[in-house]
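Residue numbers (this note's numbering), protein chains in the order written: chain A, 1256 to 1525; chain B, 1256 to 1525.
Beta carbons are placed, not taken as given, at the ideal position from N, Cα and C, and that holds for glycine.
Since this is a predicted model, take the numbers as computed values, not measurements.
Data first, discussion second: the structure below is written as structure tokens.
There are 2 protein chains.
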Amino acid sequence: MKFRRSGRLVDMTQYLLQHPHQLVPLTFFSDRYQSAKSSISEDIGIVKETFEAKQLGKVETSAGATGGVRFIPMTGEAEAFRQVDALCERLEDPGRILPGGYLYMMDIIGDPKVMNEMARILASHYRNTGVDAIMTMATKGIPLAYAVAHLLNVPVSIVRHEQRITEGSIVSINYVSGSKKQIQTMSLARRSLKAGAHVLIIDDFMKAGGTIRGMMDLAEEFNASVAGVAVLTEAVHEEEKLVSDYISLTKLSAVDVKERKITVERGNLL
Amino acid sequence: MKFRRSGRLVDMTQYLLQHPHQLVPLTFFSDRYQSAKSSISEDIGIVKETFEAKQLGKVETSAGATGGVRFIPMTGEAEAFRQVDALCERLEDPGRILPGGYLYMMDIIGDPKVMNEMARILASHYRNTGVDAIMTMATKGIPLAYAVAHLLNVPVSIVRHEQRITEGSIVSINYVSGSKKQIQTMSLARRSLKAGAHVLIIDDFMKAGGTIRGMMDLAEEFNASVAGVAVLTEAVHEEEKLVSDYISLTKLSAVDVKERKITVERGNLL
């Protein structure tokens, strides 16, 4: 089926969006649209220009026999600020305060739109780091982890607290939860992460950083290197955190249970 | 910033793809592109035509003061068959057999691309059912659930086995796991699902259906109605399943541990 330029632009846009961080050969598009490569190149130029004008990401082209086009999703700075500020405001709702000073966050974690927005900011930040796997902790880290993984085109490894996983041989480590100073266990199926991977660790929440520290140690058991650590929300911790190098999207700086006031600010990424 | 048609088509396509199942007023686009509504209508016509030709979904327009455009993601039948068949083939790899006759599936669940493809088939099937929430079971149901939730533009409620959830008041029920006939507990935070919701229950795997049955009972505790039940893989079960009305994408019909042979076929949806 032959497409006119307008149809090609629509289809090419959707195709690139669905295949982020993948090199698509020009021949793929010229076959798909029964069009000359020169026309395809012009189409790509238009997509690229629009994406850059709207700060939606980069469209990189490479020439030669192995040449093609690759879409790198990004979020413009102003838009990232707007999205993070909106999330901070949502988090400051005093109705979130739970007994014990915990904060109810499942509505935010349960909102695919917010997860996708935050993920895109992270995917933008880590776009050139050669990440080839995302590691996260069940349960609440999973939604953000998958959203980032889709945008970076890499698989997800889910670490779990349970030791009884019906996933074949597992690697378990003990770690000390930073806040409660309790010894806990985390496990990952041996097959779930390839040896030597360059992993981005993602979680929903970090206080002392014990869980993240545990995931870093677990990664080492797979001879994996850590490309970065990113969390949706970090909380102020009185003592030194167990992780020094991390990115946070939002920062919970104070919860006053008595006055029912929560203070949330932008994390260290912005 | 004024856009020419080519730029408008690219941006409008990406915008609609990022906002599935949302009514976008025409005025939004005419403001965004500083263009007349008549031009926007023509643009939408081109997007619609291309999406239909490529079987990517429907672009519905409604007229009048509250009018606008809505993108309904879908997967064409041939493409759905191709994707499900590819998954069946991947699942038949004898290397998946684990001690006890379990099947290793984390690589598939950990692959955002497969999750998105399967989710789109489900979102296509449930597009007109008025689903306003997805319910799933931690851990392995979450990836597919979120992918569907994004496409249907609804939130996700994550049911958990643990009773100690720091999410405020929780609703717990006991249920009998269908295969092992053990009494287990599942919980959902009270705030995590609004009363009277019309939920789509999604999980990765179903054998006897005990977990799904439990989620259906749990939904009832929230006065929620069940719009449907969908699983990535169903296994043959000797006795009658505890759930009669469900959709499966793939069906594990036999695992011969001795001969190391797995047989997987299309589920009941296709």
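Beta-ladder partner(s) of residue i, from DSSP
i, result
"residue 1520 of chain A", "A/1506"
"residue 1395 of chain B", "DSSP output for residue 1395 of chain B lists no bridge partner at all."
"residue 1415 of chain B", "B/1442"
"residue 1317 of chain B", "B/1323"
"residue 1282 of chain B", "BP columns for residue 1282 of chain B are empty, so no partner."
Local Cβ density within 10 Å of residue i, reported as buried at 16 or more and exposed below that
i, result
"residue 1305 of chain A", "buried"
"residue 1350 of chain B", "exposed"
"residue 1254 of chain B", "Here chain B comprises residues numbered 1256 to 1525, so residue 1254 of chain B is not present and cannot be evaluated."
"residue 1466 of chain B", "buried"
"residue 1515 of chain B", "exposed"
"residue 1468 of chain B", "buried"
"residue 1436 of chain A", "exposed"
"residue 1328 of chain A", "buried"
"residue 1383 of chain B", "exposed"
"residue 1429 of chain A", "exposed"
"residue 1472 of chain A", "exposed"
"residue 1495 of chain B", "exposed"
"residue 1259 of chain B", "exposed"
"residue 1433 of chain A", "buried"
"residue 1337 of chain A", "exposed"
"residue 1513 of chain A", "exposed"
"residue 1320 of chain B", "exposed"
"residue 1300 of chain B", "exposed"
"residue 1379 of chain B", "buried"
"residue 1417 of chain A", "exposed"
"residue 1355 of chain A", "exposed"
DSSP three-state assignment for residue i, whether helix, strand or coil
i, result
"residue 1328 of chain A", "strand"
"residue 1258 of chain A", "coil"
"residue 1277 of chain A", "coil"
"residue 1344 of chain B", "helix"
"residue 1371 of chain A", "helix"
"residue 1477 of chain A", "coil"
"residue 1386 of chain B", "coil"
"residue 1461 of chain A", "strand"
"residue 1377 of chain B", "helix"
"residue 1515 of chain A", "coil"
"residue 1441 of chain B", "strand"
"residue 1430 of chain B", "strand"
"residue 1423 of chain A", "coil"
"residue 1551 of chain B", "Since the displayed chain B opens at 1256 and closes at 1525, residue 1551 of chain B lies outside it and no answer follows."
"residue 1447 of chain B", "helix"
"residue 1292 of chain B", "helix"
"residue 1339 of chain A", "helix"
"residue 1311 of chain B", "coil"
"residue 1453 of chain A", "strand"
"residue 1272 of chain A", "helix"
"residue 1356 of chain B", "helix"
"residue 1249 of chain A", "Because residue 1249 of chain A is not part of the residues shown, which for chain A are 1256 to 1525, the question remains open."
"residue 1334 of chain B", "helix"
"residue 1265 of chain A", "helix"
"residue 1489 of chain B", "strand"
Pick from the options that is closest to residue i, judged by C-alpha positions
i, options, result
"residue 1489 of chain B", "B/1480, B/1520, B/1290", "B/1520"
"residue 1281 of chain B", "B/1275, B/1296, B/1268", "B/1296"
"residue 1501 of chain A", "A/1315, A/1522, A/1287", "A/1522"
"residue 1366 of chain A", "B/1302, B/1409, B/1378, B/1454", "B/1409"
"residue 1314 of chain A", "A/1435, A/1303, A/1322", "A/1303"
"residue 1290 of chain B", "B/1276, B/1312, B/1422, B/1263", "B/1263"
"residue 1311 of chain A", "B/1270, B/1325, B/1294", "B/1270"
"residue 1421 of chain A", "A/1443, A/1352, A/1320, A/1373", "A/1443"
"residue 1331 of chain B", "B/1348, B/1375, B/1513, B/1323", "B/1375"
"residue 1322 of chain A", "A/1292, A/1308, A/1340", "A/1292"
"residue 1477 of chain A", "A/1277, A/1447, A/1463, A/1294", "A/1447"
"residue 1221 of chain B", "B/1483, B/1484, B/1266, B/1460", "With chain B covering only 1256 through 1525, there is no way to say anything about residue 1221 of chain B."
"residue 1413 of chain B", "A/1357, A/1481, A/1396", "A/1396"
Whole-Å CB distance - residue i paired with residue j, under 8 Å assumed
i, j, result
"residue 1486 of chain A", "residue 1511 of chain A", "Not quite, the Cβ-Cβ distance comes to about 22 Å (not below 8 Å), so this is no contact."
"residue 1381 of chain B", "residue 1399 of chain B", "Not a contact, Cβ separation roughly 13 Å."
"residue 1346 of chain B", "residue 1517 of chain B", "7 Å"
"residue 1450 of chain B", "residue 1388 of chain B", "Not confirmed; about 11 Å, so no contact."
"residue 1491 of chain B", "residue 1503 of chain B", "11 Å between Cβ atoms; not a contact."
"residue 1386 of chain B", "residue 1324 of chain B", "Wrong, their Cβ atoms sit about 21 Å apart, outside the cutoff."
"residue 1391 of chain B", "residue 1411 of chain B", "7 Å"
"residue 1394 of chain A", "residue 1440 of chain B", "With 8 Å as the limit, residue 1394 of chain A and residue 1440 of chain B do not qualify as a contact, their Cβ atoms being about 15 Å apart."
"residue 1424 of chain A", "residue 1445 of chain A", "4 Å"
"residue 1326 of chain B", "residue 1272 of chain B", "7 Å"
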